[in-house]
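A.B. asks:
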Amino acid sequence: MTPSLVVGAPFPDLVLRDHAGSERRLSQLAGDDPVLLQFYRGWWCPKEQAFFRNLVDLQAEAEVAYTRFVSVSVDPPEVQAAFRVGIGARWTFLSDSERVWVDELGLMENADATHRPYLPTVFTLRPDLTIQSVYNGYWFWGRPTNEELRHDFRAISQAIRSDWDPT
Amino acid sequence: MSWAWFDRCGQPAPGVVASAPVWTADGARAGFFCAWDHSAAQPSSTASKIDGRAIDAQGGPGWVSLVLAPPGLFLPFDDPAVAHATRMVLSMPPADIVSTLVEGDDRCRGAFTGERERSGRLAYDPFATLFPAVTLRVGAGFLGHMPAPTGPSTQRYGGGNPWPWDRFGEPT
Numbered sequence: 001m002t003p004s005l006v007v008g009a010p011f012p013d014l015v016l017r018d019h020a021g022s023e024r025r026l027s028q029l030a031g032d033d034p035v036l037l038q039f040y041r042g043w044w045c046p047k048e049q050a051f052f053r054n055l056v057d058l059q060a061e062a063e064v065a066y067t068r069f070v071s072v073s074v075d076p077p078e079v080q081a082a083f084r085v086g087i088g089a090r091w092t093f094l095s096d097s098e099r100v101w102v103d104e105l106g107l108m109e110n111a112d113a114t115h116r117p118y119l120p121t122v123f124t125l126r127p128d129l130t131i132q133s134v135y136n137g138y139w140f141w142g143r144p145t146n147e148e149l150r151h152d153f154r155a156i157s158q159a160i161r162s163d164w165d166p167t
Numbered sequence: 001m002s003w004a005w006f007d008r009c010g011q012p013a014p015g016v017v018a019s020a021p022v023w024t025a026d027g028a029r030a031g032f033f034c035a036w037d038h039s040a041a042q043p044s045s046t047a048s049k050i051d052g053r054a055i056d057a058q059g060g061p062g063w064v065s066l067v068l069a070p071p072g073l074f075l076p077f078d079d080p081a082v083a084h085a086t087r088m089v090l091s092m093p094p095a096d097i098v099s100t101l102v103e104g105d106d107r108c109r110g111a112f113t114g115e116r117e118r119s120g121r122l123a124y125d126p127f128a129t130l131f132p133a134v135t136l137r138v139g140a141g142f143l144g145h146m147p148a149p150t151g152p153s154t155q156r157y158g159g160g161n162p163w164p165w166d167r168f169g170e171p172t
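Sequence lines, in order, name chains H and E. Residue numbers for the first sequence follow my numbering, so the first one is 1 and each next one is one higher. Residue numbers for the second sequence follow my numbering, so the first one is 1 and each next one is one higher.
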């Protein structure tokens with residue numbers, strides 16, 4: 001992983017096509033909310049399928065909590081679109097099928113020469129793309145639990161919502 | 001980002017920032033889409049708030065699925081049926097334009113979903129489960145463009161803002 005991708009550093013403002021093929025910018029997707037930024041190997045990986053099931057469970061809370069999810073892989077947009085519908089995800093997927101960012105971010109999983117996928121990694125970001133937490137998911141247990149993500153989103157929300165304590 | 005007033009009128013209306021004729025799918029004239037700046041007083045009793053980016057006086061022609069409550073009817077944005085429709089929109093392929101239609105701060109009166117080219121996207125409109133829906137061809141000079149929502153949020157951050165883009169600053 002690129003040494004600059006550490007807690008407190010700004011995450012690069014990625015520009016990639018979304019699952020519908022439209023060019024999107026990460027900062028635009030973040031808007032004014034906390035962001036879960038997930039890099040995953042691809043639709044074919046059983047570990048990813050298991051982890052996505054957790055995220056799909058969490059989206060029921062995120063949808064009412066002003067929190068945004070973005071998932072990135074080297075799958076082409078049409079594959080992402082089908083996978084996204086199949087797992088019931090209602091957030092934006094970004095395609096780096098041309099592998100524009102994977103090297104720059106230092107997130108190529110070198111152990112898989114066939115797919116040359118992203119190293120499974122999860123970042124939680126503040127709206128200005130400052131990194132709150134990093135989770136290296138090469139081994140499945142390195143990935144964040146939904147409880148850890150809730151803690152991150154609570155910390156970010158507490159920091160950015162001026163009316164966190166309305167009293 | 002800001003919002004605008006929107007209504008479907010029988011004839012061109014005064015004071016609009018954009019207006020275009022509309023036709024039914026079989027070619028019958030179906031009035032005019034009209035939009036007014038948000039700073040104007042509510043231009044008609046049936047006008048609703050719409051995301052301002054849905055409107056562009058320089059925009060090309062296209063197609064719209066218009067879901068609109070009959071006069072006097074609405075659903076609260078917190079109604080589970082509205083929340084379900086927004087979830088369905090996030091599940092579907094993105095449209096070029098999507099904005100709910102808002103009355104006051106918390107009343108959903110329908111939705112405006114647009115495409116530049118007619119596609120199957122408008123064949124199923126989740127908001128059509130709330131109120132009557134009609135698919136209309138729109139002339140040039142009205143339709144804007146907006147990014148697809150990120151998801152999975154279904155909530156509006158502040159009252160008065162149309163979903164899916166949930167907060168607007170001062171008009172630009």
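Glycine included, every Cβ here is placed at the ideal spot set by N, Cα and C.
For methionine 1 of chain H, does the count of other Cβ atoms within 10 angstroms reach 16, so buried, or fall short, so exposed?
C.D. replies: Residue numbering aside, residue 1 of chain H sits at position 1 when the first sequence is read from its first letter. With fewer than 16 other Cβ atoms within 10 Å, it is exposed.
A.B. asks: Pull out every residue of the stretch 149-166 of chain E whose Cβ sits closer than 9 Å to any Cβ of chain H, in chain order.
C.D. replies: For the stretch 149-166 of chain E, which is checked against every Cβ of chain H, the residues closer than 9 Å are Pro149, Thr150, Gly151, Pro152, Ser153, Thr154, Gln155, Tyr157, Trp165 and Asp166.
A.B. asks: Quick one: which chain E residues come within Cβ less than 9 Å of glutamate 63 of chain H?
C.D. replies: Here residue 63 of chain H corresponds to residue number 63 of the first sequence, with the count starting at 1. Neighbours of glutamate 63 of chain H on chain E, chain order: Ala83, Thr86, Arg87, Leu90, Gly151, Pro152, Ser153, Thr154 and Gln155.
A.B. asks: Can you find a C-beta in chain E that's less than 7 Å from the C-beta of arginine 17 of chain H?
C.D. replies: As a working mapping, residue 17 of chain H is identified with position 17 in the first sequence. So no, arginine 17 of chain H is outside the interface.
A.B. asks: Comparing C-alpha positions only, which one of H:Val100, H:Ser133 and H:Asp75 sits nearest to arginine 150 of chain H?
C.D. replies: Within the first sequence, residue 150 of chain H is the residue found at index 150, counting from 1. Out of H:Val100, H:Ser133 and H:Asp75, H:Ser133 has the C-alpha closest to the C-alpha of arginine 150 of chain H.
A.B. asks: Here's the rule: buried if 16 or more other CB atoms are within 10 angstroms of the residue's CB, otherwise exposed. What is alanine 140 of chain H?
C.D. replies: The sequence position of residue 140 of chain H within the first sequence is 140, counting from 1. First, the residue type needs correcting, since residue 140 of chain H is phenylalanine and not alanine in the sequence shown. Its Cβ having fewer than 16 others within 10 Å, phenylalanine 140 of chain H is exposed.
A.B. asks: Per the DSSP calculation, arginine 107 of chain E is bridged to which residue(s)?
C.D. replies: Within the second sequence, numbered from 1, the residue matching residue 107 of chain E stands at position 107. Answer is E:Pro76 and E:Glu103, bridged to arginine 107 of chain E.
A.B. asks: Straight-line CA distance for proline 171 of chain E to valine 17 of chain E?
C.D. replies: One-based indexing of the second sequence puts residue 171 of chain E at position 171. One-based indexing of the second sequence puts residue 17 of chain E at position 17. Here the model assigns proline 171 of chain E a pLDDT of 40, short of 50, so the residue's position is not dependable and the matter cannot be decided.
A.B. asks: Any C-beta of chain E sitting closer than 7 Å to the C-beta of leucine 218 of chain H?
C.D. replies: Lying before the first or after the last residue shown, residue 218 of chain H is absent from chain H, which here runs from 1 to 167.
A.B. asks: Nearest CA to the CA of leucine 107 of chain H: which residue from H:Leu119, H:Val74 and H:Thr114?
C.D. replies: On the first sequence, residue 107 of chain H is found 107 positions in, with the first residue counted as 1. The shortest Cα separation from leucine 107 of chain H among H:Leu119, H:Val74 and H:Thr114 belongs to H:Leu119.
A.B. asks: Would proline 93 of chain E pass as an interface residue toward chain H - the criterion being a Cβ-Cβ separation below 7 Å?
C.D. replies: Reading the second sequence from its first residue, position 93 is the one you call residue 93 of chain E. Yes - at least one Cβ of chain H is within 7 Å of the one on proline 93 of chain E.
A.B. asks: Measure the CB-CB distance between glycine 10 of chain E and leucine 68 of chain E and report whether it falls below 7 Å.
C.D. replies: Here residue 10 of chain E refers to the residue found at position 10 of the second sequence. Here residue 68 of chain E refers to the residue found at position 68 of the second sequence. It is not a contact, given that the beta carbons lie outside the stated cut-off.
A.B. asks: Could you confirm whether any beta carbon from chain E is found closer than 7 Å to the beta carbon of threonine 92 of chain H?
C.D. replies: Here the question's residue 92 of chain H lines up with position 92 in the first sequence. By this cut-off, threonine 92 of chain H is an interface position.
A.B. asks: Please state the DSSP three-state secondary structure of valine 56 of chain H.
C.D. replies: By 1-based counting over the first sequence, the position of residue 56 of chain H is 56. In the structure shown, valine 56 of chain H sits in a helix (DSSP, three-state: H, G or I).
A.B. asks: In its own chain, which residues sit with a C-beta less than 7 Å from the C-beta of asparagine 54 of chain H, not counting the 5 before and 5 after it?
C.D. replies: Working through the first sequence from its first residue, we reach residue 54 of chain H at position 54. Within the same chain, asparagine 54 of chain H has close Cβ partners Asn146.
A.B. asks: Taking only runs that begin and end inside the stretch 38-110 of chain H, name each unbroken beta strand (DSSP E) of 3 or more residues, in chain order.
C.D. replies: Counting whole runs of 3 or more residues, the stretch 38-110 of chain H contains the beta strand (DSSP E) stretches 68-73 and 92-95.
A.B. asks: Output needed for tyrosine 135 of chain H: all residues of its chain with C-beta closer than 8 Å, excluding positions within five of it in sequence on either side, in chain order.
C.D. replies: Numbered from its first residue, the first sequence carries residue 135 of chain H at position 135. Counting only Cβ-Cβ distances below 8 Å, and skipping sequence neighbours, we find Thr121, Val122, Phe123, Gly142, Arg143, Pro144 and Glu148.
A.B. asks: Assign aspartate 57 of chain H to buried or exposed, taking buried as 16 or more other Cβ atoms, counted over all protein chains shown, within 10 Å of its Cβ.
C.D. replies: If you number the first sequence from 1, residue 57 of chain H lands on position 57. Exposed: under 16 other Cβ atoms inside 10 Å.
A.B. asks: Cα separation between leucine 136 of chain E and leucine 29 of chain H?
C.D. replies: As a first step, residue 136 of chain E is located in the second sequence; it is residue number 136 there, counting from the start. As a first step, residue 29 of chain H is located in the first sequence; it is residue number 29 there, counting from the start. In a straight line, the C-alpha of leucine 136 of chain E is about 30 Å away from that of leucine 29 of chain H.
A.B. asks: So which of H:Thr67, H:Ala113, H:Pro127 and H:Asp18 has the shortest CA-CA distance to serine 73 of chain H?
C.D. replies: Taking the first residue of the first sequence as position 1, residue 73 of chain H is located at position 73. Of the candidates H:Thr67, H:Ala113, H:Pro127 and H:Asp18, the one whose C-alpha sits nearest the C-alpha of serine 73 of chain H is H:Asp18.
A.B. asks: Under a CB-based cut-off of 7 Å, is alanine 20 of chain H close to chain E?
C.D. replies: Position 20 of the first sequence, counted from the start, is the residue given in the question as residue 20 of chain H. Judged by the 7 Å Cβ criterion, alanine 20 of chain H is in contact with chain E.
A.B. asks: Taking only beta-carbon positions, decide if glutamine 59 of chain H is within less than 7 Å of chain E.
C.D. replies: In the first sequence, counting from the first residue as 1, residue 59 of chain H sits at position 59. It does; some Cβ of chain E falls within 7 Å.
A.B. asks: Take every Cβ of the stretch 97-116 of chain E, pair it with every Cβ of the stretch 44-53 of chain E, and state whether three or more of those distances are shorter than 8 Å.
C.D. replies: Result yes; three or more Cβ-Cβ pairs closer than 8 Å.
A.B. asks: Would you decide whether leucine 14 of chain H is buried or exposed? Buried here means 16 or more other CB atoms lie within 10 Å of its CB.
C.D. replies: Within the first sequence, the letter at position 14 stands for residue 14 of chain H. Buried, by the Cβ-count rule.
A.B. asks: Proline 10 of chain H by DSSP, collapsed to three states: which one?
C.D. replies: Here residue 10 of chain H refers to the residue found at position 10 of the first sequence. If DSSP states are grouped into helix, strand and coil, proline 10 of chain H belongs with the strands.
A.B. asks: Using a threshold of 7 Å, state whether the C-beta atoms of arginine 84 of chain H and valine 35 of chain H are closer than that.
C.D. replies: Here residue 84 of chain H is taken as the residue at index 84 of the first sequence, counted from 1. Here residue 35 of chain H is taken as the residue at index 35 of the first sequence, counted from 1. No, Cβ-Cβ distance for arginine 84 of chain H and valine 35 of chain H is not below 7 Å.
A.B. asks: List, in order along the chain, the chain H residues whose C-beta lies closer than 8 Å to that of proline 147 of chain E?
C.D. replies: Against the second sequence, residue 147 of chain E aligns to sequence position 147. Under the 8 Å cutoff, chain H gives Ser22, Arg24 and Gln28.
A.B. asks: Chain A partners of threonine 67 of chain H, CB-CB under 9 Å?
C.D. replies: In summary, chain A is missing from the structure at hand, where the protein chains are H and E.
A.B. asks: Does glutamate 148 of chain H come out as helix, strand or coil in the three-state DSSP assignment?
C.D. replies: Residue mapping note: residue 148 of chain H aligns to position 148 of the first sequence, counting from 1. In this structure, glutamate 148 of chain H counts as helix in the three-state DSSP scheme.
A.B. asks: Taking only beta carbons into account, state which residues of the stretch 91-117 of chain H come closer than 9 Å to chain E, listed in chain order.
C.D. replies: Within the stretch 91-117 of chain H, the residues whose Cβ lies closer than 9 Å to some Cβ of chain E are Trp91 and Thr92, listed in chain order.
A.B. asks: Inspect the CB distances between the stretch 118-131 of chain E and the stretch 81-88 of chain E and report whether three or more fall short of 8 Å.
C.D. replies: Segments in contact, yes.
A.B. asks: What are the residues in the stretch 28-42 of chain H lying within 9 Å of chain E by C-beta distance?
C.D. replies: Taking 9 Å as the Cβ-Cβ cut-off against chain E, the residues of the stretch 28-42 of chain H that qualify are Gln28, Leu29, Ala30, Gly31, Asp32, Asp33 and Val35.
A.B. asks: Jot down the residue ranges of each uninterrupted beta strand (DSSP E) in the stretch 6-63 of chain E, minimum 3 residues, whole runs only, in chain order.
C.D. replies: For the stretch 6-63 of chain E, whole beta strand (DSSP E) runs of length 3 or above, ordered along the chain, are 18-24, 29-37 and 48-51.
A.B. asks: Span of the beta strand (DSSP E) holding glutamine 155 of chain E?
C.D. replies: The residue labelled residue 155 of chain E in the question sits at position 155 within the second sequence. First-last for glutamine 155 of chain E: undefined, no H or E at that position.
A.B. asks: Can you check DSSP and say which residues form a bridge with aspartate 96 of chain E?
C.D. replies: Stepping through the second sequence from its first residue, residue 96 of chain E is reached at position 96. Aspartate 96 of chain E is not bridged to any residue.
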